[in-house]
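Participant: One structure, pasted below without further comment.
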Amino acid sequence: MGFVGRFLFLLLLVVTTPALGQLPSQDILALLAFKKGITHDPAGFVTDSWNDESIDFNGCPASWNGVVCNGASVAGVVLDGHRISGVADLSVFANLTMLVKLSMANNNLSGSLPSNVASLKSLKFLDISNNRFSGPIPDDIGSLRSLQNMSLAGNNFSGPLPDSIDGLASLQSLDVSGNALSGPLPAALKGLRSMVALNLSYNAFTKGIPAGLGLLVNLQSVDLSWNQLDGGVDWKFLIESTVTHVDFSGNLLTSTTPKELKFLADISETVVYLNLSNNKLTGSLIDGVELSTFGRLKVLDLSSNELSGDLPGFNYVYDLEVLRLANNGFTGFVPSGLLKGDSLVLNQLDLSANNLTGHINMITSTTLQILNLSSNALFGDLPLLAGSCTVLDLSNNQFRGNLSVFTKWSNDLEYVDLSQNNLTGSMPDVSSQFLRLNYLNLSHNSLADTIPEAVVLYPKLTVLDLSSNQFSGPIPANLLSSSMLHELYIQDNMLTGGVSFPGSSSKNLSLEVLDISGNHFSGSLPDDVVSLSGLRVLDISSNNFSGALPATVTKLAALTALDISTNQFTGPLPDALPDTLQSLNASYNDLSGVVPVNLRKFPESSFHPGNSRLEYPASSSGSGNSHSGSAGGKSLSTGAKIGLVAASIVLLVILILIAIVCHYKRISRQFPSSEKVSDKNLHRATKDIESMKRKDNKGSSEVSADDLGAPRKGSTSEAPSQEEKLSGVGAFSPSKGSRFSWSPDSGEAYGQEGLARLDVRSPDRLAGELHFLDETITLTPEELSRAPAEVLGRSSHGTSYRATLENGVFLTVKWLREGVARPKKEFTKEAKKFANIRHPNVVGLRGYYWGPTPHEKLILSDYVSPGSLASFLYDRLGRRGPPLTWAQRLKIAVDVARGLNYLHFDRAMPHGNLKATNILLDGLDLNARVADYCLHRLMTQAGVVEQIVDLGVLGYRAPELAASKKPSPSFKSDVYAFGVALLELLTGRCAGDVITGSEGGVDLTDWVQLRVAEGQESECFDPAMASDSENPQGVKGMKEVLGIALRCIRPVSERPGIKSVYEDLSSI
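Position 300 of the sequence shown, counted from 1, bears residue number 304 in the numbering used here, the numbering being contiguous throughout.
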């Protein structure tokens, strides 16, 4: 080749080489493949940065956000916390041969761990926590021998932890908390010799704690909390290891010997944090002498177990900073050493919900900041000094005397709860105290005199509760104009005078909740109520207000609940109340005119009884006004009178026929215990004549196939109409021989439409033992015998009644049918555990009655009105009020999830009987509260099986329970039932309904899954929510809840825990 030829060759080589170098590298192609799965990147962190124009042709795009380079190779991908959504195909990262760090925590990514994960040979740091990844953890995970830190927490991974995990020889930190992992913990864990921090909490691991954890010589922190681990505590591990942080709470761990806790004296001196709360440990604590060898323990939590006996002295424990022993059965006195200054460094002390007694003379500790002694049996005067406490809870005890000690209590206090005691006297008028106080609860005492003006001067007070006392006089001037106060509860006192609101010129008012009901306020409601512009809840019911309701109330734009009932208001209702209003009660006034159109979304019971001149137009065209020009309320025409008389005669004849048929069947046939309804005590007054004829034609109330599709009526807490209140009812004492059948169409055979008049028994009929779980009510069996009772419903356990005590208090009384309750000793032991179940979304149990005969077993609980979710949700005859809005349904879902989360994690108890009729809606806000929970703990195995079978008929039973020979309620079966309830909320359909279509007859869960599989998820949503469906945010929320519901009804190994479900719902 000549000179010219060689020159041209070299020139061509120089020109073409850079062009060849511009081809994307394998690393870049892998990153672009990952980018394709991203569907939403609000900040454009990836989508705006990872593009062809910004490619670095050295092989690693160093300018791309989140990409870390090592020479020409990608060494790290860090995408934490950018709210990125999409499907993450992690398998593409197998091509990044030099990848050391992969971190994309706190996003909204889904996907799974790929089967080729073993290709990431160089990976040392893997963090995909707090996303929506699912599926199993692959066996090949054990091939990542360079891996040092791995976090898969806060996802939906399921299945077991693979045995191959012992191949992670370099692993120092493993966090798989907050998933749905299950099965026994692998023995291979003891092979992780480099492990420093191990977190397996909030899963569904079973069996015992594996032996050999003590072999992990580098282990400092181990968290196995909130699983289903059983067996004993591995005390050898706690004594011999060098671990510092141990959390075994929220499991099913038991004590193997009564004196097992003596090992506390021998635990390793390296342990500074020990949490064994929410288990089933029994026995008593070690004595004070042994406690002197307690090592360097700083935090000890043994709350929510079954411990008993006296508390030790704790006199020589110098390092303990936090001690929690709440919700056990400890007796005796509060150790005085825990409340003294001396040499202790105790910062938090929680001894609540035990059986402690005695006086608390004074608190002199200079380190103690949080002290909770609530729900015990402490008595005497309040402590003279409160030490350095910032939180002081002495509620639900038996303290007496006055509040004069307030003048000596520290200014450090921020939270004070003295409610439910026996305090008397007046509230001190001292303004120099409580300069940091933001919460003060003195409710349910016997405090009297006026509310002092000094309370207005507490500069940081945000919540003040003085309800249910005997305060009199006016509301202190300027109390309602406080710029800090958010919630004020002064209901059920004897306050008088008018109510003055701050003027319209007032600014920065913070009041959101105002409840002044049940007092003696009079006069008109001032126009200046509009100054409380942030008000959400206003309850002025049961006073003596008069005059017209001011038009300015329509300007309270944030108002969600308004109760003006039982006053003397006149004139029309304002026609522009805010659209935010979700509950309204204007009954028992003297209002007139026509209910405004925008208020007709509320049921007629919101306006009547009372208000005889207020017209509530009928919704149907055929039943509108037909007064022929006459004013409403004039006498009926002659034809109408004749029609009413004729209808009354027909109704009377039908009732007589029903009584004859029932009487004949009672005396001529022996009723099978599980098939018939005894009519001995039951005389039904049904509003629907056609329904009455249909039942009469059947002859007896047997459960038939037709009943499976019948409307659900009733709940354990139905609010009666005024007419029903006035109707006579008998005393509370159902017939001994009654064996009420349980109707699978509803879980409760009769609703409020069928209130029963019970046989009147003599006052000494209930001659057994009546036990109360707290001090909020006191009555004798004889008083309970005399209490008028109305049938609320029937279930597999027995019959529920609403009992009206002599003081006007309502209770729900569940009469357990014969053979359901466990033997007395076991029943009593389990019943006592209900004493400390207290949560706004859980119905409180108040006591139980144990009678001398097998059929006399009662459970007393709070009465909740206006009714159950079933009575509000299903589009059937007798539904209460208008259809629930999407906002109401979502709130109910969150409320129920919160209540279940409390039962599961704070009380370690599965509900066991969750269904729409056991979700009660409370008050104007329709706050959801779960009822009939944990009753399986009081029942025989046969009763438990029957309850679960009944749940199967209704459509709430988890598949794994159906396959078990000895089914028992579990946390995961609760999640399944909750998922079904979510589907009911979304569809408006009953879980027990058989839905017919092209697929034939299917149940609700199958129908929804079929619709979703066909891409027709919008057909699942209740047509009654059509207006909400026009709102994109509403539709988005419905779809998110649908996804949560479908996860809840997955197979048990894939089903999430209630905590993650609650968190997901709360974030919508």
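Where a beta carbon is used, it is the ideal one built from N, C-alpha and C, also for glycine.
1. Rounded to whole angstroms, what is the Cα-Cα separation between residue 359 and residue 289?
2. For residue 773 and residue 878, which I take to be in contact (beta-carbon distance under 8 Å), what is that distance rounded to the nearest angstrom?
3. In the DSSP assignment, find the alpha helix (DSSP H) that holds residue 1010 and state where it starts and stops.
4. Let's see if you can read the secondary structure: which residues bound the beta strand (DSSP E) around residue 805?
5. Do residue 53 and residue 82 have their CB atoms nearer than 8 Å?
6. Hey, how far is the Cα of residue 1037 from the Cα of residue 536?
7. Taking the Cβ atom as the reference point for each residue, do residue 985 and residue 920 lie within a distance shorter than 8 Å?
8. Residue 440: which of 459, 446, 450 sits nearest, CA to CA?
9. On a CA-only basis, which of 276, 284, 248, 249 is nearest residue 265? Give me that one, please.
10. Would you kindly work out how many angstroms separate the C-alpha atoms of residue 255 and residue 73, rounded to a whole number?
11. I believe residue 203 touches residue 184 by the beta-carbon criterion, under 8 Å. Please report the beta-carbon distance rounded to the nearest angstrom.
12. Report the partner residues of residue 872 according to the DSSP bridge assignment.
13. If I'm right that residue 616 touches residue 591 with Cβ under 8 Å, what's the distance once you round it to whole angstroms?
14. The alpha helix (DSSP H) with residue 54 in it runs from where to where?
15. Which same chain residues, not among the five before or five after residue 530, have their C-beta less than 6 Å away from its C-beta?
16. Along the chain, where does the alpha helix (DSSP H) containing residue 890 start, and where does it finish?
17. Kindly indicate if chain D contains any beta-carbon less than 8 Å away from that of residue 592.
18. Can you tell me where the alpha helix (DSSP H) with residue 39 in it begins and where it stops?
19. Output the distance between the C-alpha atoms of residue 469 and residue 180, rounded to the nearest integer angstrom.
20. Who pairs with residue 42 in a beta bridge, going by DSSP?
21. Could you please give the first and the last residue of the uninterrupted beta strand (DSSP E) stretch that includes residue 793?
22. Which complete beta strand (DSSP E) runs does the segment 304-384 hold, if anything under 3 residues is left out?
23. Note the first and the last residue of the continuous beta strand (DSSP E) segment covering residue 493.
24. Which residue marks the beginning of the alpha helix (DSSP H) containing residue 1066, and which one marks its end?
25. Does the segment 902-910 come within contact of the segment 1018-1031, defined as at least 3 CB pairs closer than 8 Å?
26. Mind checking whether residue 333 and residue 310 have CB atoms under 8 Å apart?
27. Excluding sequence positions up to five away, which residues of its chain have a Cβ less than 7 Å from the Cβ of residue 888?
28. Can you look up residue 785 in the DSSP assignment and give me helix, strand or coil?
29. Our contact map puts residue 198 next to residue 175 with C-beta atoms below 8 Å; I'd like the distance itself, whole angstroms only.
30. So, using beta-carbon positions, are residue 146 and residue 170 closer together than 8 Å?
31. In whole angstroms, what separates the C-alpha of residue 792 from that of residue 867?
32. Suppose the cutoff is 7 Å on Cβ atoms and the five residues either side in sequence are ignored; what does the same chain contact list for residue 410 look like?
33. Give the C-beta separation of residue 464 and residue 488 to the nearest angstrom, bearing in mind that I take them to be a contact with Cβ-Cβ under 8 Å.
34. Could you work out which residue in 152, 893, 929 is closest to residue 200 when comparing CA atoms only?
35. Using only alpha-carbon positions, find the residue among 396, 382, 29 that is nearest to residue 374.
36. Does the structure place the segment 560-574 close enough to the segment 533-550 that three or more beta carbon pairs sit under 8 Å?
Facilitator: Judging by the given coordinates:
1. 15 Å
2. About 40 Å separates the two Cβ atoms, so there is no contact after all.
3. 1008-1017
4. 802-808
5. no
6. 29 Å
7. yes
8. 459
9. 284
10. 45 Å
11. Rounded, the Cβ-Cβ distance is 15 Å, inconsistent with contact.
12. 924
13. Not really, about 11 Å apart at Cβ, beyond 8 Å.
14. Here residue 54 belongs to no alpha helix (DSSP H), and DSSP marks it neither H nor E.
15. 505
16. 890-905
17. The displayed structure is made up of one protein chain only, and chain D is not part of it.
18. 30-39
19. 43 Å
20. 90
21. 793-798
22. 310-314, 326-328, 333-335, 352-354, 374-376
23. 491-493
24. 1062-1070
25. no
26. yes
27. 876, 877
28. helix
29. 6 Å
30. yes
31. 14 Å
32. 432, 434, 437
33. 6 Å
34. 152
35. 396
36. yes
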